[in-house]
Amino acid sequence: MAMTVAVGNRHESGENINRHLDSSGKYVRYTGEQVEALERVYSECPKPTSLRRQQLIRECPFLANIEPKQIKVWFQNRRCRDKQRKEASRLQSVNQKLSAMNKLLMEENDRLQKQVSHLVSENGYMKQQLTLTTLGTDASCDSVDPTPPQHPLRDANSPAGLMAIAEETLAEFLSKATGTAVDWVQMPGMKPGPDSVGIFAISQKCYGVAARACGLVSLEPMKIVEILKDRPSWFRDCRSIEVFTMFPAGNGGTIELIYMQTYAPTTLAPARDFWTLRYTTSLEKGSFVVCERSLSGSGAGPNATSAAQFVRAEMLPSGYLIRPCDGGGSIIHIVDHINFEGWSVPDVLRPLYESSKVVAQRMTIAALRYVRQVAHETNGEVVYGLGRQPAVLRTFSQRLSRGFNDAVNGFNDDGWSIMHCNGAEDITVAVNSTKHLNSFSDPLSFLGGVLCAKASMLLQNVCPAVLVRFLREHRSEWADFNVDAYSAATLKAGAFAYSGMRPTTFTGSQIIMPLGNTIEKEEMLEVVRLEGHSLVPEDSFLSRDVHLLQICTGVDEDAVGACSELVFAPVNEMFPDDAPLVPSGFRVIPVDSKTGDAQDLLTANHRTLDLTSSQDVGSTPETGSSPSSRCILTIAFQFPFENNLQENVANMACQYVRSVISSVQRVAVALSPSGLIQIPGSKLSPGSPEAVSLAIWICQSYKQHFGSDLLRTDSLGGDALLRQLWDHQDAILCCSLKPQPVFMFANQAGLDMLETTLVALQDIALEKIFDESGRKALCPDFAKLMQQGFACLPSGMCVSTMGRHVSYEQAVSWKVFSDCEDNNNNRLHCLAFLFANWSFL
């Protein structure tokens, strides 16, 4: 066997793996036959054991002249080279992305420089005009509405006229996407960086509202064009899109005449529709453009009867520019420029229809995020639970969102009609007798339809993301388990009957099982299991758990202009891909500050609820609700029904929705960032005089009983003392002296331990936070407390309102007197408990 001998320290590292040391200490090159045998074993097992290597030598006699140690080194080197190749490939991919982003940033920098030059030129011209004029006119830009752009009249009834409109639309769109046709400013809260989705901008002053985005996506341009043209798949507000006419443009492109309907986000204003021309064509270097604009004439498009519930909005030249990148992927430029005709909505909603930030979040950024999501799923970078394919989970999210939007809007052509209910002036009740939820996998037996109770209201001084996150995590604070169980019963054939619902109790356990989320975590799809037990002895062995398919969006507090939603629908435990869904839920939309009285923003023609005005909320000018943190909350709940039970279900729906509204009302006020706001029904909210007095009594009584200070400093004033008590690391709770003690106050740690709020705290009895063994252990200590005025409890466990067990190292309790300065006139006020070093199990 001929072998090539050489000194190994002079050869390339890539060849070292195919050489070994012979008995004389020189490097000897492996033969092709030896390398083939080793590679075959490596493909089966990259890291063979010592026994496997010895077996390899026995099976291949031509490896007998190689020591086992040298074979081990070969496999080590082979694994190292494989790792280096993967790392080199990854770095090459990262380098390509960085090069593409660098190109994008350089183009953006050039555009900004042109914009600066344009603004400097305009500024000089304005200064010159101001020095020449002698008339004292108000030239404030804020006092003059931007005028709509003027276009020459074109014949939209001939192919030549449509082609001319298409070319004009293309030129105007490109000037917005890559030029200075619009005065773009950076989107607040969306700073570009290594982890950013892209570059986002909104219009500063222009006719209508506009938003712009550009970013890098690892998909080919034609695939991106297909995704973006399918607007209902990524634009949740798109109800339908219909192509009326399509013909070739003569240059390889196509021209389409499109009618699009969108949903209204609230119940307070009609939806919008569009009659547009869409032009798709290719540019040089493999780039593609999809641009679109409205055709003139409010009566254009379908007949008036099909669009009677819509207000015609105007789309100014908008679209998508997709350019290929070297090494794969594409750079996308997206522009949305729309006039929503905000004059036709109530004053409270006008900022919503005149906000570029809202357009950016709901359209522009949503489009780019959706394309990136599909790209990650296509590349296998996204893993979902329960064995569901990403496309199936996206379909579930779209169906939940569409079903909720259908309920909020209640279009006549979908079969919805308004139903008049006694005592439901503040709630709109709509019924759809044509909506039958039959599916192939699980046909439903009822023949009635679906009923929806809905309302919209103004909230002030509450963050939408915080409110929706609380509603998601604390369902027991606002939901009725029996109503959830009733809705879930409609999914079981033969089990639907309003009058025959089985009495069921909710155990308090809510288990959230994630199905998937978008790559930026702005949307979560999950299954919620509510554990319940039947109160009927003969049904005690049956499971009464309720399962909900739920989507939660907009829980990021830093997302400016983002809408927050919590939408859910009952499903079977093992829901099929075509499971029928009857969604209900909440939508909270921030509204920019606007001049005018917030209480006059809703007219008599729009039935609504104002949570803040209906409450006796004490506020001072310094601590009152700020108009800059207003938001619109829309609630819609759907209930299937049988024909003979329509009235019963309608009354139940009104009562339930009114109860939910009341609960959300308390939660919204409790979640207010103002620490001095009063909580309805509670005199012990932080900042109230009663709370300050109670804090003083708690500390004085503690020192009287235990001889030491509860807080580090005993010379604090009232407000400072309350603040230190509120921020104390141990859980401090006070309960009343009723036959069944009920909690009346807790500091922040106490609320966290019980997983509740100050509002809900007043409904929790002392015995409810202990299990059976805990209540038995508490009895002798409680007797000692009542006899001597204080007691020390050993370590133990209690239970939060969510059913989670909490352990604590030590607990003490003492009587709290309302006047501790005069021992002869002490009046017992309440009982206090302190749980030290508590933690969830």
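Those letters in the sequence shown? Residues 1 to 841, by UniProt numbering.
C-beta: ideal position from N, C-alpha, C; glycine also.
- According to DSSP, residue pairing for Arg399 in a beta bridge does not occur.
- Per DSSP, Tyr486 lies in no beta strand (DSSP E) segment; the continuous alpha helix (DSSP H) that holds it begins and ends at Phe481 to Ala489.
- In this structure, Ser282 is the residue among Glu67, Thr266, Asp781 and Ser282 with its C-alpha nearest to the C-alpha of Asn251.
- Per DSSP, Ala836 is one residue of the beta strand (DSSP E) stretching across Leu828 to Ala836.
- Secondary structure at Lys521: coil, using DSSP grouped into helix, strand and coil.
- Pairing Ile202 with Ala211 gives a Cβ-Cβ distance under 7 Å.
- Distance between Ala249 and Pro159, taken at the CA atoms: about 8 Å.
- In the structure shown, Leu793 falls within a strand segment according to DSSP collapsed to helix, strand and coil.
- In the structure shown, Ala181 falls within a coil segment according to DSSP collapsed to helix, strand and coil.
- Between the alpha carbons of His547 and Phe404 lies a distance of about 18 Å.
- Under DSSP, Lys454 forms a beta bridge with Thr428 and Ala636.
- The segment 550-564 makes contact with the segment 464-476; the number of CB pairs closer than 8 Å reaches 3 or more.
- By the neighbour-count criterion, in which a residue is buried when 16 or more other Cβ atoms sit within 10 angstroms of its Cβ, Gly554 is buried.
- DSSP places Met222 within a helical segment (H, G or I) once states are collapsed to three.
- Taking C-beta separations shorter than 6 Å and ignoring five residues to either side along the sequence, the partners of Glu172 in its chain run Pro317, following chain order.
- Given a length threshold of 3 residues, each whole run of the beta strand (DSSP E) inside the segment 258-313 is given here in chain order: 271-282, 288-294 and 310-312.
- Per DSSP, the continuous beta strand (DSSP E) segment holding Asp336 begins and ends at Ser330 to Asn339.
- For Ala650, the enclosing alpha helix (DSSP H) stretches over residues Gln646 to Ala670.
- Under the three-state reduction of DSSP, Tyr207 is assigned to coil, being neither helix nor strand.
- Look at Trp697 here: in three-state DSSP terms it is helix.
- Your pair Val217 and Gly329 checks out as a contact, with CB atoms roughly 6 Å apart and the cut at 8 Å.
- CA-to-CA, the gap between Leu368 and His333 works out to about 9 Å.
- Between the alpha carbons of Val359 and Asp336 lies a gap of roughly 8 Å.
- Beyond the five residues adjoining it in sequence on each side, Asn409 comes within less than 7 Å, by CB distance, of Tyr263, Ala264 and Ala271 in the same chain, given in chain order.
- For the pair Trp697 and Phe770, the Cα-to-Cα distance works out to about 26 Å.
- Separation of Val742 and Ser663 (C-alpha to C-alpha, rounded to the nearest whole angstrom) is 20 Å.
- Between Ala269 and Val348, the C-beta gap is not smaller than 7 Å, which leaves the two residues out of contact.
- For Leu352, the enclosing alpha helix (DSSP H) stretches over residues Arg350 to Tyr353.
- Listed in chain order, the beta strand (DSSP E) runs fully inside the UniProt domain "Homeobox" (21-85) are 27-29, counting runs of at least 3 residues.
- No residue range can be given for Ile769, since it is assigned to no beta strand (DSSP E) and is classified by DSSP as neither H nor E.
- Within the model, the alpha-carbon separation for Ala569 versus Leu525 is close to 12 Å.
- Distance check between Met260 and each of Met246, Thr276, Thr254 and Gly253 places Thr276 closest, using alpha-carbon atoms only.
- Look at Trp478 here: in three-state DSSP terms it is coil, with no helix or strand label.
- Per DSSP, the unbroken beta strand (DSSP E) holding Thr553 starts and ends at Val546 to Thr553.
- Residues Ala430 and Val431 of the same chain have their beta carbon placed closer than 7 Å to that of Ser417, with the five preceding and five following residues left out of the count.
- The bridge partners DSSP lists for Trp814 are Phe790 and Ala832.
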